[in-house]
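Contents: one structure, followed by commentary.
Numbering (full-length UniProt numbering), first residue to last: 1 to 519.
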């Protein structure tokens, strides 16, 4: 999924073509979720089977190598025994020396030959193993051999470069052609994003901004690397997954590197700047505004649906009542006309024929009107169904947004707790350091008073010999004091050497001034 670090990344990501908010479909939600769960379970089973097969192959290779080593040792032992029997017939002393030399040379050569080749038959170089995780786009585990001075490219499969078990090329639409590089140098492993569009993440930390190259980042065994983010297409409603893998890093001698000691967001050493907290607060406010807008839209849609239902029912009933009343009025008017006139039988027949014709025309017109009304009713039903679908989609979006809002609120609470703990630790350390500084300053003042007292005592004298003796004594005393100060706790403070020199110089200058004043 997408992990957004700041607002500048959030807005262009939403405006990018083929990207939209990932909302659940209205129809067939349960069937899609069950099929997705089945697909994920099948993929996990396939990955587990592949890992078991690879482990079995590695065990078989190790057994074969052990058998070869045993055969070589047996051959060497037979050879040494033969040489022992042949040379013993000639000379015992020479025999013992030759056997020891030949045996040692054979074992050394055998060990060198074995150590020059690793377990997989490849020359001993640093290796990086990418193990597929359950939430990743499916791929086979990869083993990258990182030679000194060479870089392993990570990218999307193209016509020239195809997918292989010994490279980091993946058949994934989310990756760029030149996505990132891995390399080994001076006993450490590094990774760098080469300006990919969807980014590279180490333990959910993005290395660089969009389409910008990152600085080299040191990685350790056990880190979780993610290439790209999950992207959903609007047209097909299809989600393209990213590549997520667990890193296993091995040195050229076959030892696995130590796990990373860095702590993520859930640890105590995570420092979150106030700018990120402010941006996160802005995102939460925007989500709240969107939720409120969607709720108002839902209320208005519900009101419109209810009004359309009421209007449809009342209109339909009014049309039926109106038609009935009009037909009744026409019949009564015609009866009055016939009753008022004195009509013969021929005229009555003609009038009856006309009435029958008019009746047929009226029936046809009524049928056409009923057909039109039926069509209008059918259209209204379709509109009602579409409005209900829109209502359901908006409700689903509201539920999804509320879930996201709750998650972000929980993250903010965790971050604030972490910041409070870090702040309290920092305040405690500052208070302890200030107390130590005050104690050291009081110690320095007491020492300076003692030095002044010693200088005043040794400054009294009358003759040149006494001056020289006192001068020598002051030098000895100053050197002793400097040694004593260096061995004391003052040396642990910053600028301790300058303080010691200043104290010694002050004592010498004070003593010299006093002697000059006496003479």
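Backbone N, C-alpha and C define an ideal beta-carbon position, used for all residues, glycine too.
| query | result |
| --- | --- |
| Helix, strand or coil at residue 435 [DSSP, three-state] | helix |
| Distance CB(residue 144)-CB(residue 168) smaller than 7 Å | yes |
| Helix, strand or coil at residue 456 according to DSSP, with G and I counted as helix | helix |
| Length of the line joining the Cα atoms of residue 446 and residue 457 | 17 Å |
| Check whether residue 174 and residue 240 have beta carbons under 7 Å apart | yes |
| Alpha carbon of residue 523 to alpha carbon of residue 227, nearest angstrom | In the structure as shown, the chain begins at 1 and stops at 519. Residue 523 is therefore absent and cannot be evaluated. |
| Inter-residue Cα distance where the pair is residue 252 and residue 242 | 30 Å |
| Residue 191 and residue 223 closer than 7 Å at C-beta | no |
| C-alpha gap between residue 476 and residue 451, whole angstroms | 13 Å |
| Sequence-distant residues of the same chain with beta carbon closer than 6 Å to residue 178, five excluded per side | 155, 194 |
| beta-carbon residue 336 near the ligand ADP non-hydrogen atom, thresh 6 Å | Of ligands this structure carries none, so the ligand ADP is not represented either. |
| Supposed close pair residue 211, residue 220 - CB separation, criterion 8 Å | Contact doesn't hold; Cβ gap of about 27 Å is too wide. |
| Sheet register partners of residue 185 (DSSP bridge) | 188 |
| Residue 226 - containing beta strand (DSSP E), residue span | 224–227 |
| Residue 256 in three-state terms, based on DSSP | strand |
| Collapsed DSSP secondary structure at residue 221 in the structure displayed | strand |
| Local conformation of residue 179 per DSSP, three classes | coil |
| Assigned exposure category for residue 176 - 16 Cβ within 10 Å defines buried | buried |
| C-alpha gap between residue 439 and residue 426, whole angstroms | 20 Å |
| CB-CB length for residue 181 against residue 151, believed under 8 Å | 4 Å |
| Candidates 434, 278, 200, 250: closest to residue 124 by CA position | 250 |
| Residue range of the beta strand (DSSP E) that includes residue 142 | 142–146 |
| Cβ-Cβ separation, residue 146 to residue 159 (assumed contact under 8 Å), whole Å | So it is not a contact: roughly 26 Å between Cβ atoms. |
| Pair within 7 Å by beta-carbon distance, residue 244 and residue 157 | no |
| Range covered by the beta strand (DSSP E) that runs through residue 243 | 243–250 |
| Short Cβ contact (7 Å threshold) for residue 294 with residue 391 | no |
| Assigned exposure category for residue 296 - 16 Cβ within 10 Å defines buried | exposed |
| Beta-carbon proximity check, residue 287 vs residue 373, cutoff 7 Å | no |
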